Amino acid sequence: MDINEDPRYKLANKEAFYSLLLTLLYFLWWYGFAYGLGSKPVTSYCFVMGLPSWFFWSCLMGFLVFSFASWAMVGLFFKDIPLDSYEKGSSLEGEGS
Amino acid sequence: MNLQVAIPIVLYLAIVFYIGYLANRSISKAKASFLSEYFIGNRSMGGFVLAMTLVATYVSASSFIGGPGMAYKVGLGWVLLAMVQVPTAYLTLGFLGKKFAIVARKINAITINDFLRVRYENKAVVVIASVSLLIFFTAAIVAQFIGGARLFEAIGVPYKIGLFIFALTVIFYTAIGGFRAVVLTDAFQGIVMMCGTFALLIGIIKAGGGMEAISANIIAQDPALLTPFGAGGFVTKPFILSFWILVCLGVLGLPHTAVRCIGYKDSRSMHRAIVIGTFVTGFLMLEMHLAGALGRGVLPGIEVVDSVIPTLTIKILPPIFAGIFLAGPMASIMSTVDSQLLLASAAIINDLYVGYINPEAAHDNYRVKRISFIVTALIGVIVFLVALNPPSLIVWINLFAFGGLEAVFFWPIVMGLYWKRATASGALASMIVGVVFFICLSRYSSILHGMHPIVPTFVVTFIVFVMGSYMSAPSVDAVKKVWE
Chain G
153 MDINEDPRYK LANKEAFYSL LLTLLYFLWW YGFAYGLGSK PVTSYCFVMG LPSWFFWSCL
213 MGFLVFSFAS WAMVGLFFKD IPLDSYEKGS SLEGEGS
Chain C
9 MNLQVAIPIV LYLAIVFYIG YLANRSISKA KASFLSEYFI GNRSMGGFVL AMTLVATYVS
69 ASSFIGGPGM AYKVGLGWVL LAMVQVPTAY LTLGFLGKKF AIVARKINAI TINDFLRVRY
129 ENKAVVVIAS VSLLIFFTAA IVAQFIGGAR LFEAIGVPYK IGLFIFALTV IFYTAIGGFR
189 AVVLTDAFQG IVMMCGTFAL LIGIIKAGGG MEAISANIIA QDPALLTPFG AGGFVTKPFI
249 LSFWILVCLG VLGLPHTAVR CIGYKDSRSM HRAIVIGTFV TGFLMLEMHL AGALGRGVLP
309 GIEVVDSVIP TLTIKILPPI FAGIFLAGPM ASIMSTVDSQ LLLASAAIIN DLYVGYINPE
369 AAHDNYRVKR ISFIVTALIG VIVFLVALNP PSLIVWINLF AFGGLEAVFF WPIVMGLYWK
429 RATASGALAS MIVGVVFFIC LSRYSSILHG MHPIVPTFVV TFIVFVMGSY MSAPSVDAVK
489 KVWE
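Top line first, the protein sequences correspond to chains G and C. The working numbering applies: residue 153 is where the first sequence begins, and numbers increase by one. The working numbering applies: residue 9 is where the second sequence begins, and numbers increase by one.
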């Protein structure tokens, strides 16, 4: 298919990719701490602030770390662009042959 | 009824009414097309309101009543399950993100079905989408109305009167204020939810004599309550991993959250909403469910899951805080119902009536305005009457509402947005197969060993979508409209 793609979509696709990636990272954090530290008998659990350590790291810290990470992602990779439609023909490659 | 409990709730209801009234005045003043103002608020949401409405719409009675009740019964494993939802805000906003916002402006879409109509150029796709949206939303709204009335029961108001107060409030502000009223009340309701949640968790920890003492109490009852697997190994891995599809990834396919991604003002609002929304979602999910789980160590022996949170609230919090807290779940229910009510009305007026039956009406602001008020109020009244005496069919449909909407909308939205080769045949096939397959599989879910039926449904609909698309000719015109 031969189309002149809106140049803003490149950025949009990249940002969509980062969002998926951050979701995957959260999954690994969530799964790793919960089952890495939690898959043993309760008698051998460590406790942090009165909570089992798997829960402290997976749920409490996971939430805080990834709230921060979403802020970092937006700050580092997301760009401020106009969302409204461009005037067609204002750029040279606007109308193809 | 306790007066101190009632005061915060009455105050809350009064504020919500007032916001509806303010929004209605701004509709009368708006110069733009009525449909765009009423159903998407002229795309004027800023970052904070966008974040709050996204979270509040998504967070419903299940996160405030059912979920924490399960955490009480099963333990920290259920809190772990709830925390699957932490990425929803950045995933929905970031993934649908700028692409969806840009496309919606290009083709002037004010609903999800508007997008589907332009992208797939197929009447059947839009009609099936609109009809399934109406059916699932109606059932879901009835269920939420019932939940709202039950909350009033908890503070001593009879069911029918509670239902009446609840329904009157939501229908009133949604019908007269449209999208603007919905998102502004959502923002207010989000704040109420956060305060209520925080009050309850602190109250429980104090009443239990600190976290350590509560943990020790829970261990004495059943140590499994503190494991990720829950009491009796209830939270198995196939089960909990399914929720990554159902309540994290699949949220991209919920029309009432997706529509928020085309309603914000500019990219800066969206960036801010990602950060605020992620924090608020995590905060609410963690604190609410943790309150349920820890409640077990403070006040053991509550049998009915749905009455855990109301009971804890009334017994543990001082009355005035209990009132604030009960306004929290009420806010969570209202903020979900209002969006669904408005979208159901949009499906009838914008997607079906203006879209196919009478396109000219879009330019007749006065006429379309009158119809919109009436239709929104009428849907609300019908739902209210049904909720007075809910038939078992509605209860049955509601079981499939959440997953059913995802089965219908997920791939058509995602593929339509990111895959140029996607066609109407693919979308149509995946929608029909999706909803039929999902409901059938739900009946025989025992063969899945704890996996939720939505997971195989997503796989099957994906295959059907891709095959259907390749077997039909590429849709060149539609792709140009969306991509150029």
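Note that beta-carbon positions come from the ideal geometry of N, C-alpha and C, so glycine has one too. Model, not experiment: these values are computed from the prediction.
Where residue i falls, given that 16 or more other Cβ within 10 Å makes a residue buried
i	result
residue 435 of chain C	buried
residue 303 of chain C	buried
residue 448 of chain C	exposed
residue 484 of chain C	exposed
residue 176 of chain G	exposed
residue 404 of chain C	exposed
residue 227 of chain G	exposed
residue 65 of chain C	buried
residue 298 of chain C	buried
residue 406 of chain C	buried
residue 444 of chain C	exposed
residue 479 of chain C	exposed
residue 211 of chain G	buried
residue 269 of chain C	buried
residue 37 of chain C	exposed
residue 294 of chain C	buried
residue 188 of chain G	exposed
Beta-carbon proximity list for residue i, same chain, < 8 angstroms, skipping 5 on both sides
i	result
residue 332 of chain C	16, 200, 203, 204, 207
residue 277 of chain C	53, 54, 55, 58
residue 167 of chain C	157, 158, 160, 161
residue 229 of chain C	304, 305, 308
Close-in-space but distant-in-sequence residues of the same chain around residue i (CB under 7 angstroms, 5 per side omitted)
i	result
residue 387 of chain C	349, 352, 353
residue 233 of chain G	160, 163
residue 219 of chain C	213
residue 384 of chain C	182, 183, 349, 350, 353
residue 221 of chain G	174
Beta carbon proximity, residue i to chain C, threshold 8 angstroms
i	result
residue 127 of chain G	No answer is possible for residue 127 of chain G: it lies beyond the span of chain G, which begins at 153 and ends at 249.
residue 208 of chain G	no
residue 190 of chain G	yes
residue 213 of chain G	no
residue 204 of chain G	yes
residue 244 of chain G	Confidence at residue 244 of chain G is low in this model, with a pLDDT of 38, below 50, so its placement is unreliable and no value can be given for it.
residue 235 of chain G	yes
residue 172 of chain G	yes
residue 219 of chain G	yes
Element boundaries [alpha helix (DSSP H), containing residue i]
i	result
residue 61 of chain C	55-66
residue 106 of chain C	96-115
residue 93 of chain C	First-last for residue 93 of chain C: undefined, no H or E at that position.
residue 499 of chain C	This structure does not reach residue 499 of chain C, given that chain C is present from 9 up to 492, and the question cannot be answered.
residue 230 of chain G	No alpha helix (DSSP H) holds residue 230 of chain G; DSSP gives it neither H nor E.
residue 478 of chain C	462-478
Residue-chain proximity (residue i, chain G), Cβ-Cβ < 8 angstroms
i	result
residue 98 of chain C	yes
residue 368 of chain C	no
residue 220 of chain C	yes
residue 194 of chain C	no
residue 308 of chain C	no
residue 244 of chain C	no
residue 276 of chain C	yes
residue 481 of chain C	no
residue 371 of chain C	no
residue 123 of chain C	no
residue 279 of chain C	yes
residue 113 of chain C	yes
residue 109 of chain C	yes
residue 492 of chain C	yes
residue 176 of chain C	no
residue 41 of chain C	no
Close beta carbons around residue i, own chain, < 6 angstroms, minus the five adjacent residues each side
i	result
residue 248 of chain C	89
residue 328 of chain C	12
residue 458 of chain C	244, 246, 247
residue 290 of chain C	94
residue 347 of chain C	65, 190, 264
residue 155 of chain G	none
Residue-chain proximity (residue i, chain B), Cβ-Cβ < 8 angstroms
i	result
residue 25 of chain C	Within the model displayed, chain B is absent; protein chains G and C are what it includes.
Any non-hydrogen atom of the ligand HEM closer than 7 angstroms to residue i Cβ
i	result
residue 228 of chain C	This structure lacks the ligand HEM; in fact it carries no ligand of any kind.
* Which whole runs of the beta strand (DSSP E) in the segment 411-451 of chain C are 3 residues long or more, in chain order? -> Taking only runs of at least 3 residues, no beta strand (DSSP E) segment lies wholly in the segment 411-451 of chain C.
* Which ranges would you report for the alpha helix (DSSP H) in the segment 219-255 of chain C if only whole runs of at least 4 residues count? -> Those alpha helix (DSSP H) runs which fall completely within the segment 219-255 of chain C and span 4+ residues are 219-229, 245-254.
* 3 or more residues per run - each beta strand (DSSP E) lying fully within the segment 120-147 of chain C -> Every candidate beta strand (DSSP E) stretch fails here, since none sits fully inside the segment 120-147 of chain C while reaching 3 residues.
* **Runs of beta strand (DSSP E) lying entirely within the segment 188-224 of chain C, each at least 3 residues, in chain order** => DSSP runs (the beta strand (DSSP E)) wholly in the segment 188-224 of chain C: none.
* List in chain order: all unbroken alpha helix (DSSP H) runs of 4+ residues lying wholly within the segment 289-353 of chain C. => Taking only runs of at least 4 residues, the alpha helix (DSSP H) segments lying wholly in the segment 289-353 of chain C are 316-324.
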